[in-house]
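**Student:**
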Amino acid sequence: MMEEVAKVISQDNSGWVTVEVKVKNACNHCDNNESCGTSAVAKAFSPKVQTFALPSSERYLPGDLLKVGLPESVLLKAAALVYLLPLFGLFIGALLAQSIASIITLGSSDVLVIPMALLCGFAAWRKAKQVASRMEQDTQPVIIAKLGHGI
30 MMEEVAKVIS
40 QDNSGWVTVE
50 VKVKNACNHC
60 DNNESCGTSA
70 VAKAFSPKVQ
80 TFALPSSERY
90 LPGDLLKVGL
100 PESVLLKAAA
110 LVYLLPLFGL
120 FIGALLAQSI
130 ASIITLGSSD
140 VLVIPMALLC
150 GFAAWRKAKQ
160 VASRMEQDTQ
170 PVIIAKLGHG
180 I
């Protein structure tokens, strides 16, 4: 389970706790972060805080620190879906176009293969993005522990 520390923002009467998590990135962990272009881009464009709501049967006060967790399997499935499905779509599109080109005997099959491969890869990426989004909505982080009140 991937765990992160979250700070309670508010809690409503229906049992939902609004928390914020400070997003960490891989930058600032090496000795080259001063002269690294990737570090500068990550600092400029990455969101610093992510806010979301969690169901809870307990009462929490604003400022309380909670340990929240999300199963790694969800992230691995979503990553595999978004990275591998477009790759398979690209290969399937290329094979399909190559088969069609051999049937109609074009002079150069690249004219058909490249656009068809790109089109199928893009369609697979869109589908993977939809499925990963649905998977993300169905998976809810859970509160593992109360860590106390923040300073």
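Counting from 1, position 58 in the sequence shown corresponds to residue 87 in our numbering; the numbering is continuous, with no gaps. Glycine is no exception: its CB is placed at the ideal position from the N, C-alpha and C atoms. Predicted model only: the values in this text are computed from it and were never measured.
#1: CB-CB under 7 Å to PHE81, same chain, minus the five flanking residues each way: which ones, in chain order?
#2: Please state whether DSSP places SER39 in a helix, a strand or coil.
#3: On a CA-only basis, which of TYR89, ILE129, ALA107 is nearest SER162? Give me that one, please.
#4: Inspect the beta-carbon positions of LEU83 and THR168 and report whether they are closer than 8 Å.
#5: Can GLY177 and ALA146 be called in contact, C-beta distance under 8 Å?
#6: Below 8 Å on the Cβ atoms is my contact criterion, and I expect LEU141 with ILE129 to pass it. Report the Cβ-Cβ distance as a whole number of Å.
**Tutor:** The short version:
#1: VAL48
#2: strand
#3: ALA107
#4: no
#5: no
#6: 7 Å
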